[in-house]
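**Q** Have a look at the structure that comes next, please.
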Amino acid sequence: MDKQRAMEIKESPDLINVTHHGDPIYIQRIDDQSGTAHVYSLQDPDNRQQVSIDELQEN
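Quick note on our numbering: the sequence shown kicks off at 68 and runs consecutively.
Structure (structure tokens):
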């Protein structure tokens, strides 16, 4: 996924299906400087991670 689309999804009032290595996630924050996103798993909300935006997939 590119950075612009990740930002659009983050700002959207709708829940857009995004996955990280097949795991459905929610984007909490985008870090422009590092090209990463702070995300958490929808199946395990306590599992928060910082991942490369390039690894995110819109479904």
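Glycine included, each C-beta is placed from N, C-alpha and C at the ideal position.
#1: Among Ser79, His87, Gln71 and Asp81, whose alpha-carbon lies nearest the alpha-carbon of Val118?
#2: What does Gln116 pair with, by DSSP beta-bridge criteria?
#3: So Glu122 is in the beta strand (DSSP E); what residue range does that whole segment cover?
#4: In terms of residues, what are the limits of the alpha helix (DSSP H) holding Ile83?
#5: Taking DSSP as the reference, what is the three-state secondary structure of Gln71?
**A** Straight from the coordinates:
#1: Out of Ser79, His87, Gln71 and Asp81, His87 has the C-alpha closest to the C-alpha of Val118.
#2: Val106
#3: In the DSSP assignment, Glu122 falls outside any beta strand (DSSP E) and carries neither an H nor an E.
#4: Careful: Ile83 lies outside any alpha helix (DSSP H) and carries neither H nor E.
#5: helix
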